[in-house]
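Data first, discussion second: the structure below is written as structure tokens.
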Amino acid sequence: MKPQTLAEVATQTGAGESFDFVLRNFLDEFQARPDPARLIEEPARLAGVVVDGERHDAFLAATAETLAAMHVLDVPTWVWKEGRKLCRPWFALPWSGLRGILLLESPAAFRSRNLFVSANALARA
């Protein structure tokens, strides 16, 4: 079942689904019908539950903040809670030669959480 909220993304990931796959499904649903209610409920923490859970927690917060800005919606307050930011930088691409590009391109909500992704990280075809 496609997740309708970011909270459902966390729930499905915690149940063993692929974070990337579930998040992509959510993005498809959100882009088709942007609704602030899909962002409001705080997702369960994935740190200590799944591999890369800390990164997923930060990524969910950055996603909520970015989608809210893109669609002129209120940013949910949970995105600024402790544990929604990485202590060390994480780069979406493993090649050191591309890190400079990711440092420049990353949307502000991702950069502020030490996540360095491409400018179109949330884009779907």
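So the sequence shown is numbered by our numbering: it starts at 34 and just counts up by one. Where is the CB? At the ideal position from N, CA and C, for every residue including glycine.
_Uninterrupted alpha helix (DSSP H) stretches inside the segment 34-59 (no shorter than 4 residues)_ = 39-47
*Tell me, please, whether the segment 140-152 touches the segment 122-130 by the rule of three or more beta-carbon pairs shorter than 8 Å.*
yes
*Cα-Cα, which of Arg78, Met34, Trp113 and Leu100 is closest to Phe63?*
Leu100
*Please go through the same chain and pick out, in chain order, the residues whose beta-carbon is closer than 8 Å to the beta-carbon of Arg88, but skip the five residues on each side of it.*
Leu119, Trp123 and Leu148
_Quick check on the burial criterion: 16 or more other C-beta atoms within 10 angstroms. Buried or exposed for Glu41?_
buried
_Phe92 versus Arg144: straight-line alpha-carbon distance, rounded_ = 10 Å
*Straight-line CA distance for Ile73 to Pro109?*
5 Å
_As a quick exercise: from Lys114, Ala97 and Glu115, pick the residue whose alpha carbon is nearest that of Ala141._
Ala97
*Considering only residues of the same chain and omitting the five flanking positions on each side of Leu60, which have a CB-CB separation below 7 Å?*
Leu155 and Arg157
*On a CA-only basis, which of Trp113, Gln37 and Leu135 is nearest Leu56? Give me that one, please.*
Gln37
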